[in-house]
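Residue numbers (mature numbering (1 follows the signal peptide of the UniProt record, and there is no 0)): -16 to -1, 1 to 123.
Okay, structure coming up:
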């Protein structure tokens, strides 16, 4: 259940990107960015082979990740929401005029760290954690 690739973009301009596996995820992600261009906020998923590309666009900023099918939707979209909030909090209005890959040096490390967190830390999946806590109480 892994998130293997992530990017943050303004329109079709990629501002930061990280991949944890050698795949063609970057090329597919760019096709998805073109296909989903527009101003409307969206939360969508696209299937490609055995991977799912999850896309969240809010206020013109798109966050996209590629995950194993086994990851479902909850964890990837929690990751995307987290990355969107961190990106906006870190860069604010600079996003509007940033050059391609303008935030990559710094934010690709954040993407990498959070991909690892959402893979390994049980606290990342709050619903399953709460279910586990409730089952302990029920015993």
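Cβ coordinates follow ideal geometry from the N, Cα and C atoms, glycine included. In this text the structure is predicted, and so the values were computed from the model without any measurement.
To which residues of the same chain is residue i closer than 8 angstroms at the C-beta, ignoring the five residues directly before and after it?
i: residue 45; result: -9, -8, -7, 68, 71, 72, 79
For residue i, which residues in the same chain have their Cβ closer than 6 angstroms to its Cβ, ignoring the five residues on either side in sequence?
i: residue 111; result: In this predicted model, residue 111 has a pLDDT of only 49, less than 50, meaning its place in the structure is not dependable enough to derive any value.
i: residue 5; result: -13
Looking at residue i: is its Cβ nearer than 9 angstroms to the Cβ of residue j?
i: residue 50; j: residue -11; result: yes
Judging by CA-CA distance, which residue of the options is the nearest neighbour of residue i?
i: residue 38; options: 25, 22, 57; result: 57
i: residue -2; options: 35, 96, 47, 31; result: 47
i: residue 2; options: 66, 16, 107, 95; result: 95
i: residue 27; options: 92, 60, 5; result: 60
i: residue 36; options: 76, 4, -14; result: -14
For residue i, which residues in the same chain have their Cβ closer than 7 angstroms to its Cβ, ignoring the five residues on either side in sequence?
i: residue -4; result: 84
i: residue 42; result: 25, 68
Determine, using beta-carbon pairs with one atom in the stretch 98 to 107 and one in the stretch 11 to 22, whether at least three such pairs fall under 8 angstroms. Segments in contact, no.
Within the stretch 6 to 35, note down every full alpha helix (DSSP H) run reaching 4 residues or more, in order along the chain. Complete alpha helix (DSSP H) runs here, min 4: 9 to 19.
Which residue spans inside the stretch 57 to 116 form an unbroken alpha helix (DSSP H) run of at least 4? Counting only runs of 4 or more, we get 58 to 75, 88 to 104.
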